[in-house]
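A.B. asks: From first to last, the protein sequence lines are chains X and H. Under our numbering, the first residue of the first sequence is numbered 2, with each subsequent residue one higher. Under our numbering, the first residue of the second sequence is numbered 2, with each subsequent residue one higher. Just passing along the structure, written as structure tokens.
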Amino acid sequence: MIRIAGFPLVWGASTLLGLALVQPPALSAEPAPYREMERPLETYIPHASGDRKFSNTYRYWKDPKNLDWRLAGNPDENWKLNWKFMDPPFNQAIHGGHFALDRGESLYKFLNRGGSFAACLGAGKGGLKGLRTSYPRYDKTLKRVVGLEEKIQICGAIEGRVLENGSYDNSAISLYIAGFSKGMPMRIDVSKGPLKEAFERGRRLYHTRAGRMNFACATCHIHNVGKHLRGNTVTTPFGDVVHFPVYRTKYELQSLQLRFMECNLDTGTQPLLPGSPAYTDLEVFLSALSNGYAVTVPSERD
Amino acid sequence: MLPHLIAIGWGVLGLAVCSLAADLPGNLAIDPTAAIKTQVPRVVPNSGRLQWKPHSRDLTEWPSLGYQDKRPTPKPQVTRLEGPSNGDVARGLGIAMDPARGNCVACHQLPGDAWPGTVGNPLLHYRRYGHQDAQVYQQIFDARVFNPNSVMPAYGTFGILSDQDVRDLVAFLQSLD
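Right, here's the structure in full:
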């Protein structure tokens, strides 16, 4: 015989409606405090080298030009290289990312024929050079933090073109823009102001459990790095964002926020829409963990 | 104003972000009118729009990471299994291996699997740990009772597996010598 003690929790519509009525909707609200957290709620140095405190694989991948190829040949060790920008079937010469770059270039040039598209994206005197490395950023017009792909969508709409966040064309333009920062380190300043707040919210979210499995991002990416999940090995979250959007055999072109959706779906968590405030905070958090690490595009992953 | 009305500003993808009734928070990738509300994005080459197709399972009943989602994590549930599990070993094996049900094998090593997970401890000779059926039942139903930080999904509390499913898994594990 089974007796179940404790809290039988049923999310009836009435309960939720009740909640909705008493709780003021706040887009920038704290992640729900009544969620379980993946503990400890670590502090993170907002730089790729912060990995030293976590997977401590930084020494293997900090210099992409001098990877230790002996690790590559060892299936138990190659995750330490964190070389996700050239996972098999990477082909230096030509892969889907190159086609996307071409598409991005022609779209960008068309949209920017009057120069207003670049201005809208925040390109200064240096043009597109370095632009990628300073996104996500605080947007004075919108009065909130935006990621590059969300900004592309907004600026595209001003030029009369639909560029949904996460769509091929949007990511292709993002990739083209990233190409101008190739080899340049990410540098987003999360030490003060709205970006610091977004980083803090992102950090909490990274440790917030959700979904059918009650996993947090940190459950895998902090506490199970180097472990196998079936055919996959979980790697460090440091240094991730520099190779996005990435060409994927299955996904064509995948933006960072579409990857969040994928990880959510894989763990039975209802995904959010690209550009939603929670995903943007996660993007700020992960982008800061790539500070100091060079943009590497176009890249490819299985 | 209700959260789902605020959410409309974010509904940029042609997906309705407000649900039919006011029962789901905003910002979820859902089609509220579909049988399976959870939607998966598909990237279409040379297009400025995403395509959406239903996921294999509706995930809207569990909390998401959205800021408008105020649903709490279900609390740990204590169970009392009295007597033996009376489970079915063969069914238990099936549940353990099935990615859509137990999927134990994703994290644990089980006999006859080529790609064992290494997140959880190996279960190859589970019986030798000498746990009582009631303890094993609780571990599967809701492991947080033993360890609040447990990574293991609370299969019972979260409604992933039924009482009988959990009994079958207990019987299966206790058969591994």
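Note that CB positions come from ideal geometry on N, CA and C, so glycine has one too.
#1: Using 8 angstroms as the cut-off, can you tell me whether the region 213-232 of chain X makes contact with the region 139-155 of chain H, which would need three or more C-beta pairs spanning the two stretches below that distance?
#2: Helix, strand or coil: how does DSSP classify Arg204(X) here?
#3: Have a look at Pro26(H) and Ile46(X) and give me their C-alpha separation to the nearest angstrom.
#4: To which residues of the same chain is Val79(H) closer than 6 angstroms at the C-beta, ignoring the five residues directly before and after it?
#5: Please list, in chain order, the residues of the region 258-287 of chain X that have any C-beta partner in chain H closer than 7 angstroms.
#6: Please name the residue or residues paired with Gly128(X) in a DSSP beta bridge.
#7: Alpha carbon to alpha carbon, how far is Leu149(X) from Arg133(X)?
#8: Which residues in chain H sit within 9 angstroms of Asp241(X), going by Cβ to Cβ distance?
#9: Taking the C-alpha atoms as reference points, what is the distance between Ala211(X) and Asn87(H)?
#10: Given a cut-off of 9 angstroms on the beta-carbon distance, is the pair Ser176(H) and Arg128(H) in contact?
#11: For Met262(X), which residues does DSSP report across the bridge?
#12: Rank His208(X), Thr270(X), Leu102(X) and Arg53(X) by C-alpha distance to the C-alpha of Glu37(X) and give the top, closest one.
#13: Just checking, does the region 95-107 of chain X make contact with the region 159-178 of chain X on the three C-beta pairs under 8 angstroms criterion?
#14: Between the alpha carbons of Leu22(X) and Asp70(H), how many angstroms are there, rounded?
#15: Considering Asp166(H), what are the terminal residues of the alpha helix (DSSP H) in which it resides?
#16: Compare the Cα-Cα distances from Asp52(X) to each of Asp303(X), Tyr294(X) and Ser300(X) and report the closest residue.
#17: Along the region 98-132 of chain H, what residues have a CB closer than 8 angstroms to any CB found in chain X?
#18: Kindly indicate which residue of Ser48(H), Leu66(H), His109(H) and Thr39(H) has the alpha-carbon position closest to the one of His56(H).
#19: Kindly say whether Ser168(X), judged by its beta-carbon, lies nearer than 9 angstroms to any beta-carbon of chain H.
#20: Reducing DSSP to helix, strand and coil, say where Trp62(X) ends up.
#21: Consider the Cβ of Thr220(X): report whether some Cβ of chain H lies at a distance smaller than 9 angstroms.
#22: Report back the beta-carbon spacing between Ser256(X) and Gly167(X) to the nearest angstrom; my notes put them in contact at under 8 angstroms.
#23: At a CB-CB cut-off below 9 angstroms, which residues of chain H make contact with Gln93(X)?
#24: What residues in the region 205-216 of chain X have a beta carbon less than 8 angstroms from any beta carbon of chain H?
#25: Under the DSSP definition of a beta bridge, which residues are partnered with His229(X)?
#26: Considering only the alpha carbon of each residue, which of Ile189(X), Lys54(X), Glu263(X) and Glu284(X) lies closest to Leu206(X)?
#27: Would you call the region 151-170 of chain X and the region 34-51 of chain H touching, i.e. three or more CB-CB distances under 8 angstroms?
#28: If we define contact as Cβ-Cβ less than 9 angstroms, is Asp178(H) a contact residue for chain X?
#29: Alpha carbon to alpha carbon, how far is Leu111(H) from Cys105(H)?
#30: Which residues in chain X have a C-beta closer than 8 angstroms to the C-beta of Gly49(H)? List them in chain order.
#31: With a floor of 4 residues, list each alpha helix (DSSP H) that falls wholly inside the region 158-207 of chain X, ordered by position along the chain.
#32: Tell me which residues share the same chain as Pro73(H) and place their Cβ nearer than 8 angstroms to its Cβ, disregarding the 5 neighbours each side in the sequence.
#33: What is the rounded straight-line gap between the Cα of Ala107(H) and the Cα of Asp77(X)?
#34: Please report whether the beta-carbon of Val44(H) lies at a distance below 9 angstroms from any beta-carbon of chain X.
#35: Using the beta-carbon of each residue, which ones in chain H are nearer than 7 angstroms to Lys228(X)?
C.D. replies: Answer, in terms of the structure:
#1: Taking 8 angstroms as the limit for Cβ pairs, the verdict is that the region 139-155 of chain H does touch the region 213-232 of chain X.
#2: Numbered from its first residue, the first sequence carries residue 204(X) at position 203. The answer is helix: DSSP assigns Arg204(X) an H, G or I state.
#3: Translated into the one-based positions of the second sequence, residue 26(H) becomes position 25. Translated into the one-based positions of the first sequence, residue 46(X) becomes position 45. Cα-Cα distance, rounded: 33 angstroms.
#4: One-based indexing of the second sequence puts residue 79(H) at position 78. So the list reads Val146, once near-sequence residues are dropped.
#5: Only those residues of the region 258-287 of chain X whose C-beta falls short of 7 angstroms from the nearest C-beta of chain H are listed: Leu259, Met262, Leu266, Gly269, Thr270, Gln271, Pro272, Leu273, Leu274, Gly276, Ser277, Pro278 and Ala279.
#6: Locating residue 128(X) in the first sequence gives position 127, counting from the first residue. Bridge partners of Gly128(X): Gly125(X).
#7: As a working mapping, residue 149(X) is identified with position 148 in the first sequence. As a working mapping, residue 133(X) is identified with position 132 in the first sequence. Between Leu149(X) and Arg133(X), the C-alpha separation is close to 7 angstroms.
#8: Here residue 241(X) is taken as the residue at index 240 of the first sequence, counted from 1. Ordered by position in chain H, no residue passes the 9 angstroms Cβ test against Asp241(X), which lies about 17 angstroms from the chain.
#9: One-based indexing of the first sequence puts residue 211(X) at position 210. One-based indexing of the second sequence puts residue 87(H) at position 86. Distance between the alpha carbons of Ala211(X) and Asn87(H): 32 angstroms.
#10: As a working note, residue 176(H) is residue 175 in the second sequence. As a working note, residue 128(H) is residue 127 in the second sequence. Their beta carbons are under 9 angstroms apart, which means Ser176(H) touches Arg128(H) by this criterion.
#11: By 1-based counting over the first sequence, the position of residue 262(X) is 261. Bridge partners of Met262(X): none, in fact.
#12: Residue 37(X) sits at position 36 when you count from the first residue of the first sequence. Of the candidates His208(X), Thr270(X), Leu102(X) and Arg53(X), the one whose C-alpha sits nearest the C-alpha of Glu37(X) is His208(X).
#13: The region 159-178 of chain X and the region 95-107 of chain X touch, with three or more beta-carbon pairs separated by less than 8 angstroms.
#14: Working through the first sequence from its first residue, we reach residue 22(X) at position 21. Working through the second sequence from its first residue, we reach residue 70(H) at position 69. For Leu22(X), the predicted structure reports a pLDDT of 29, less than 50, and the residue's modelled location is therefore unreliable. The matter cannot be settled from this model.
#15: Here residue 166(H) is taken as the residue at index 165 of the second sequence, counted from 1. Taken as a continuous stretch (DSSP letters only), the alpha helix (DSSP H) holding Asp166(H) covers Asp164 to Gln175.
#16: Start at 1 with the first residue of the first sequence, and residue 52(X) comes out as number 51. Closest option to Asp52(X), Cα to Cα, is Tyr294(X).
#17: Listed by position, the residues of the region 98-132 of chain H near chain X (Cβ gap below 8 angstroms) are Val106, Ala107, Cys108, Trp116, Pro117, Gly118, Thr119 and Val120.
#18: Here residue 56(H) refers to the residue found at position 55 when the second sequence is read from its first residue. Looking at the Cα atoms, Thr39(H) is the closest of the given residues.
#19: Position 167 of the first sequence, counted from the first residue, corresponds to residue 168(X). Answer yes: the Cβ-Cβ gap between Ser168(X) and chain H drops below 9 angstroms somewhere.
#20: Position 61 of the first sequence, counted from the first residue, corresponds to residue 62(X). Helix at Trp62(X).
#21: One-based indexing of the first sequence puts residue 220(X) at position 219. Closer than 9 angstroms to some Cβ of chain H, the Cβ of Thr220(X) qualifies, so yes.
#22: To locate residue 256(X), count along the first sequence from 1; it is residue 255. To locate residue 167(X), count along the first sequence from 1; it is residue 166. Ser256(X) to Gly167(X), Cβ: 5 angstroms. Contact.
#23: In the first sequence, the residue the question calls residue 93(X) occupies position 92. Identification of chain H residues near Gln93(X) by a Cβ-Cβ cut-off of 9 angstroms yields none; the smallest Cβ-Cβ distance measures about 22 angstroms.
#24: Within the region 205-216 of chain X, those residues whose Cβ lies closer than 8 angstroms to any Cβ of chain H are, in chain order, Leu206, Thr209, Arg210, Ala211, Gly212, Arg213, Met214, Asn215 and Phe216.
#25: Looking up residue 229(X) in the first sequence gives position 228. In DSSP, His229(X) forms a bridge with Thr234(X).
#26: Along the first sequence, one-based indexing puts residue 206(X) at 205. Out of Ile189(X), Lys54(X), Glu263(X) and Glu284(X), Glu284(X) has the C-alpha closest to the C-alpha of Leu206(X).
#27: Contact holds: three or more Cβ-Cβ distances are below 8 angstroms.
#28: Within the second sequence, numbered from 1, the residue matching residue 178(H) stands at position 177. Taking CB atoms only, Asp178(H) has no neighbour in chain X less than 9 angstroms away.
#29: Against the second sequence, residue 111(H) aligns to sequence position 110. Against the second sequence, residue 105(H) aligns to sequence position 104. The straight-line gap from Cα to Cα measures roughly 8 angstroms.
#30: Translated into the one-based positions of the second sequence, residue 49(H) becomes position 48. By Cβ distance, chain X contributes Gly157, Arg162, Val163, Leu164, Glu165, Ser168, Tyr169, Asp170 and Asn171.
#31: The region 158-207 of chain X contains these whole alpha helix (DSSP H) runs: 169-180 and 194-207.
#32: Position 72 of the second sequence, counting from 1, holds the residue named residue 73(H). So the list reads Pro64, once near-sequence residues are dropped.
#33: The count along the second sequence starts at 1 and reaches residue 107(H) at position 106. The count along the first sequence starts at 1 and reaches residue 77(X) at position 76. Answer to the nearest angstrom: the Cα atoms are 17 angstroms apart.
#34: On the second sequence, residue 44(H) is found 43 positions in, with the first residue counted as 1. Closer than 9 angstroms to some Cβ of chain X, the Cβ of Val44(H) qualifies, so yes.
#35: As a working mapping, residue 228(X) is identified with position 227 in the first sequence. In chain order: Thr119 and Val120.
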